[in-house]
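Colleague:
Residue numbers (this note's numbering): 50 to 160.
1. Is the beta carbon of residue 59 sitting closer than 8 Å to the one on residue 116?
2. Just the Cα atoms here: how many angstroms apart are residue 158 and residue 111?
3. Closer than 6 Å by C-beta to residue 142: which residues in its own chain qualify, once you throw out the five before and the five after it? Chain order, please.
4. Based on DSSP bridge pairs, tell me the residues matched to residue 152.
5. What is the residue span of the alpha helix (DSSP H) that residue 132 lies within?
6. With a threshold of 8 Å between beta carbons, is residue 99 in contact with chain D?
7. Between the region 97–114 and the region 122–129, can you find at least three pairs of beta-carbon atoms closer than 8 Å?
8. If you drop the 5 nearest sequence neighbours on each side, which residues of the same chain put their C-beta closer than 8 Å to that of residue 118?
9. Under the three-state reduction of DSSP, which class applies to residue 157: helix, strand or coil?
10. Can the beta-carbon of residue 114 be found closer than 8 Å to that of residue 104?
Written as structure tokens, this is what we have:
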């Protein structure tokens, strides 16, 4: 696989009662979680919120996305973070069975 940067957009719903807590947690994401994100070749990572829908955007610069995502999923501190975040979220019904955040298809890009 080539080592070109790839853009990813993902979406999930945020439970209305969780909005304040979700924002508070993201004001001070744990350093271990941030470090693992960087170690897994994710750059320029943002999460946006509108009308109960979360949209994440990031750029992946690694060579094996699946392996890097598995490395992140196996990280104990990230698992702990997700155990707090996941109950605040509702995955889209249209997602693939093993997905939590649903990937989006890029339909336009301008550099």
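Glycine included, C-beta positions come from ideal geometry on N, C-alpha and C.
The structure displayed is predicted, hence computed values, not measured ones.
Modeller: On the basis of the supplied data:
1. Counted from its first residue, the chain shown places residue 59 at position 10. Counted from its first residue, the chain shown places residue 116 at position 67. No, they are not a contact pair.
2. Within the chain shown, numbered from 1, the residue matching residue 158 stands at position 109. Within the chain shown, numbered from 1, the residue matching residue 111 stands at position 62. Cα to Cα, residue 158 sits roughly 20 Å from residue 111.
3. Along the chain shown, read from residue 1 onward, the residue named residue 142 stands at position 93. So no residue of the chain qualifies.
4. Residue mapping note: residue 152 aligns to position 103 of the chain shown, counting from 1. Bridge partners of residue 152: 59.
5. Start at 1 with the first residue of the chain shown, and residue 132 comes out as number 83. Looking at the DSSP string, the run of the alpha helix (DSSP H) that includes residue 132 is 125–134.
6. Protein chain content of the structure displayed is limited to a single chain, and chain D is not contained in it.
7. no
8. Here residue 118 refers to the residue found at position 69 of the chain shown. Excluding residues within five positions, the ones whose Cβ falls inside 8 Å are 89.
9. One-based indexing of the chain shown puts residue 157 at position 108. Coil.
10. By one-based count along the chain shown, residue 114 stands at place 65. By one-based count along the chain shown, residue 104 stands at place 55. Contact flag unset, no.
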